[in-house]
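Please read the structure below before turning to the comments.
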Amino acid sequence: MSDNLSCDVLVLGAGIAGAGAAFYLGSQGVDAILVERDHPASGPTGASSAICHLWYLEPELSQLARRGCQILKDLPDLIGAPRVFHETGVLWVVGANNVEEWKRTVVRIRDVEGGGLDSLTPEEVAKLAPNFRLDGIVMGVWEERYGYVDPYDAANELVRGARDKGVRYLGNRTAKTLNVEGGKIAGVELSDGTKISTGRVVMATGPWTKALAAPLGVALPLHIERHFMAVLDAPGRAEDILPFCWVDDTRSHYARPEGENTILIGTWSGGGTGIRSEESTEDHAVHTHRVEVAGEFDATTSTEEAVWTIEHMTPRCPDLAGLGIRPGYACMYDMSPDDLPVIDQVPGAEGLFFAAGSSGHGFKLGPAVGESLAKWALGERSDLLAPFSLARFG
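Numbering (our numbering), first residue to last: 62 to 455.
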């Protein structure tokens with residue numbers, strides 16, 4: 062027998078953004094329900110590399126990242142959670158092509174937005190990374206107080222905190238129908254027949270968002286891509302070889318230690334800093350394919366894919382060449398045309414808010430995006446969300 066429920070605000074999706082929204086609503090004493098199709102962090106959040114940094118060419122992304130990272134750092138004090146944020150530092154390197162834009166961005170973040178990073182000369186980069194080859198590097202950026210997070214633990218702790226504050230959690234069910242009446246959201250019917258009446262819904266459903274909005278006559282300009290990670294076996298050596306998170310703009314790859322025994326390596330096709338590389342995009346197009354139905358993709362990484370990924374980094378860090386390859390994994394990226402999130406109210410459905418198209422930025426922004434959407438649902442829209450409106454696509 063199905064249930065009929067009601068709440069002031071309904072949150073769909075318990076990834077990092079939905080968990081952040083639910084936690085904020087709970088902290089404000091709002092009558093809220095959180096619905097998740099599987100379990101918290103079971104989608105892209107759980108498979109994120111979860112590198113956390115401020116470095117973005119877009120000011121609003123930097124500011125959302127700052128807030129998102131602060132929430133993650135504060136979890137032990139906010140809810141008594143174990144520490145999930147590892148302040149290893151994040152080291153970025155750039156070549157001559159993009160260095161002037163990077164210099165301006167360092168000044169903006171350091172001197173205008175509250176600091177958190179410094180520019181480095183190649184010699185200073187070499188001191189931090191003595192085992193790296195730095196051919197073609199003309200500048201580095203060092204974010205000493207940033208690093209990476211355990212994404213599964215972070216999302217689950219936020220959900221636990223939300224539940225402790227009174228948010229009702231409904232797992233193992235999906236949103237089947239969004240009910241809109243008179244141009245306003247009126248409720249949601251779930252896959253198990255449960256009907257939830259509410260005038261405010263926060264959709265933090267990532268790759269599933271486009272399909273949810275389609276029956277309302279809204280065609281969101283989003284698509285899904287499969288991205289994969291390589292995992293290297295470095296027993297007892299991972300943090301010696303790579304003691305920080307590493308991002309190389311010249312070779313389009315990033316990496317971080319996973320404790321003392323493994324190293325994660327990924328690549329991007331552009332847009333990670335706001336500048337796309339045509340050469341990089343063409344190279345990645347061979348190894349990145351679209352996912353037509355959210356959730357229906359190969360979540361493993363083949364040996365060929367792992368080797369291709371590792372080869373992006375071994376010219377920089379030869380120590381990696383002698384390490385074994387562990388089974389890697391793949392995840393879904395919900396992508397927008399300009400590689401920036403789409404955060405807005407669904408047209409023709411007042412009270413139905415969504416965040417999607419995170420384009421690989423989603424984890425570090427997630428707690429702040431969720432918090433901002435929750436505030437918007439309660440009547441307070443942050444100026445930080447303005448650049449990510451759906452209207453920018455016409």
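Positions of the beta carbon are idealized from the N, C-alpha and C atoms, including for glycine.
All figures in this text were calculated on a predicted structure; none of them were measured in a lab.
Could you give the DSSP three-state label for residue i: helix, strand or coil?
{"i": "Cys306", "result": "strand"}
{"i": "Phe358", "result": "coil"}
{"i": "Leu122", "result": "helix"}
{"i": "Phe454", "result": "helix"}
{"i": "Asp294", "result": "strand"}
{"i": "Leu115", "result": "coil"}
{"i": "Pro105", "result": "helix"}
{"i": "Arg127", "result": "helix"}
{"i": "Gly385", "result": "strand"}
{"i": "Val263", "result": "strand"}
Please work out which residues of its chain come closer than 6 Å, Cβ to Cβ, to residue i, disregarding the five sequence neighbours upstream and downstream, and give them in chain order.
{"i": "Val228", "result": "Ala83, Gly87, Ala93, Leu95"}
{"i": "Phe454", "result": "Pro282"}
{"i": "Ile112", "result": "Tyr209, Cys306, Arg317"}
{"i": "Leu464", "result": "Absent from the structure is residue 464, since the part of the chain shown begins at 62 and ends at 455."}
{"i": "Glu121", "result": "Leu445, Pro448"}
{"i": "Val368", "result": "none"}
{"i": "Pro105", "result": "Gly267, Cys392, Met393"}
{"i": "Val72", "result": "Gly79, Ala82, Ala83, Leu95, Val263"}
Which residue or residues does DSSP assign as beta-bridge partners of residue i?
{"i": "Gly327", "result": "Tyr315"}
{"i": "Asp405", "result": "Phe415"}
{"i": "His284", "result": "Met396"}
{"i": "Thr166", "result": "Answer is none; Thr166 lacks a bridge partner."}
{"i": "Ile371", "result": "Answer is none; Ile371 lacks a bridge partner."}
{"i": "Ile132", "result": "According to DSSP, Ile132 bridges with nothing at all."}
{"i": "Thr238", "result": "Glu250"}
Enumerate in chain order the residues of its own chain whose CB-to-CB distance from residue i is below 7 Å, with the five nearest sequence positions on each side excluded.
{"i": "Pro273", "result": "Note that residue 273 is Leu in the sequence shown here, rather than Pro. Taken in chain order, the residues that qualify are Ala236, Leu239, Met264, Thr266."}
{"i": "Arg351", "result": "His284, Ile285, Glu286"}
{"i": "Thr328", "result": "Ser313, His314, His345, Thr370, His373"}
{"i": "Pro398", "result": "Pro282, Phe454"}
Could you spell out the range, first to last residue, of the beta strand (DSSP E) harbouring residue i?
{"i": "Ser363", "result": "Run containing Ser363: none; DSSP gives neither H nor E here."}
{"i": "Tyr230", "result": "229-231"}
{"i": "Gly244", "result": "Run containing Gly244: none; DSSP gives neither H nor E here."}
{"i": "Ser433", "result": "Looking at the DSSP string, Ser433 is not in any beta strand (DSSP E); the run it does join, the alpha helix (DSSP H), is 423-438."}
{"i": "Ala93", "result": "93-96"}
{"i": "Leu73", "result": "70-73"}
{"i": "Val352", "result": "350-352"}
{"i": "Leu445", "result": "Note, Leu445: premise wrong, no beta strand (DSSP E); not H, not E."}
In chain order, what residues of the same chain lie with their CB nearer than 8 Å to the CB of residue i, ignoring the 5 residues before and after it?
{"i": "Arg456", "result": "There is no way to answer for residue 456, as the model of the chain reaches only from 62 to 455."}
{"i": "Ala360", "result": "Ala108, Tyr390, Ala391, Cys392"}
{"i": "Gly278", "result": "Gly409"}
In terms of residue numbering, what span does the alpha helix (DSSP H) encompassing residue i cover?
{"i": "Ala82", "result": "77-88"}
{"i": "Leu273", "result": "270-274"}
Legend entry - Any beta strand (DSSP E) of 3 or more consecutive residues that is wholly inside the stretch 136-223: 151-155, 179-181, 200-204, 208-210
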